[in-house]
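Take the sequence shown: its position 111, counting from 1, is numbered 111 in the working numbering, and each next residue is one higher.
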Amino acid sequence: MAKVRHRKQMFGGRYSAEEYHQKWGIPRDAKCVGCGNRPLIRCITMMEVEEAKKLPMINMLMLNDPIKFMNEMIVRIKGSDGRAIPYVRISCVYACKQCRRSLERAAAKAPSHTICEFHYGPGPDKVVSGPS
């Protein structure tokens with residue numbers, strides 16, 4: 001039988017899994033959009049390139065520096081028919097645990113041609129090693 005490691009023993013007892021994700025998985029200068037605290041959740045909003053070309057700000061970015069735009073902001077997502085569709089990263093927003101519901105509600109109100117990708121990180125009790 002495998003030995004079960006408790007959360008208190010992770011990283012020599014210095015960090016829980018959430019604290020480790022918060023320290024190394026999220027940029028140091030990121031703040032929660034709701035309250036300004038240290039965030040734990042990241043939401044990336046993306047839009048199809050053809051739809052994004054209609055927005056004046058995206059058009060200006062494409063004309064200004066197209067190589068940087070293509071390398072840093074374009075993501076290829078495989079569609080239901082199997083072909084890769086280019087998407088543009090429109091925004092990246094951070095939230096803490098308390099503001100999670102308001103972030104999800106705001107993302108639900110986004111236009112239907114956008115994709116919102118959430119990164120929650122590990123939960124407080126999700127890390128388990130050994131048989132359950």
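Heads up, the beta-carbon is just placed ideally off N, CA and C, and yes, glycines get one too.
Keep in mind that this is a model prediction, so the values were computed, not measured.
Between residue i and residue j, how many whole angstroms is the CB-CB distance? I'm expecting something under 8 Å.
i	j	result
Cys-32	Cys-99	5 Å
Just curious, the alpha helix (DSSP H) that residue i is in, first and last residue?
i	result
Tyr-67	Residue identity check: residue 67 is Ile in the sequence provided, not Tyr. From DSSP, the alpha helix (DSSP H) with Ile-67 extends over 66-73.
Return the first residue and the last residue of the beta strand (DSSP E) that residue i is part of.
i	result
Ser-80	Where Ser-80 is concerned, there is no enclosing beta strand (DSSP E), given that its DSSP letter is neither H nor E.
His-113	Unbroken run through His-113: none, as it is neither H nor E.
Cys-92	84-95
Cys-43	41-48
With a Cβ-Cβ cutoff of 7 Å, do residue i and residue j count as a contact?
i	j	result
Glu-96	Leu-40	A small fix is needed here, since residue 96 is Cys in this sequence, not Glu. Closer than 7 Å, so yes.
Gly-123	His-21	no
Tyr-94	Val-75	no
Phe-69	Leu-61	yes
Met-73	Arg-83	no
Ser-102	Gly-36	no
Ile-85	Ile-77	yes
(request) Could you tell me whether the stretch 47-63 touches the stretch 110-121, where touching means 3 or more Cβ pairs closer than 8 Å? (result) Because the criterion of three Cβ pairs below 8 Å is met, the stretch 47-63 and the stretch 110-121 touch.
(request) Scan the stretch 11-39 and note each continuous alpha helix (DSSP H) run of 4 residues or more that stays entirely inside, going in chain order. (result) The qualifying runs are 17-24.
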